[in-house]
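Have a look at the structure below before the remarks.
Quick look at the structure:
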């Protein structure tokens, strides 16, 4: 899987086909870049604290990912 995944609708469809383990692996491969994106978003929204627990939630929101509860 390329590290540039996340940039188009076909990439989003590919993410939708991954199981939980595959998605976690894709997320970890993209982590450095995503972390930088998250920090920029936090800065732009005025949050003064980077909350690691929210990073996964924002990732799922950004890519409209849903997991069974």
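Numbering (the UniProt record's numbering), first residue to last: 1 to 69.
Glycine included, each C-beta is placed from N, C-alpha and C at the ideal position.
In its own chain, which residues sit with a C-beta less than 6 Å from the C-beta of residue 56, not counting the 5 before and 5 after it?
none
Continuous alpha helix (DSSP H) stretch holding residue 23: start and end
20-29
Using the Cα positions of residue 66 and residue 15, report the straight-line distance between them to the nearest angstrom.
11 Å
Mapping DSSP to helix, strand and coil, what is residue 56?
helix
Straight-line Cα distance separating residue 36 from residue 61:
17 Å
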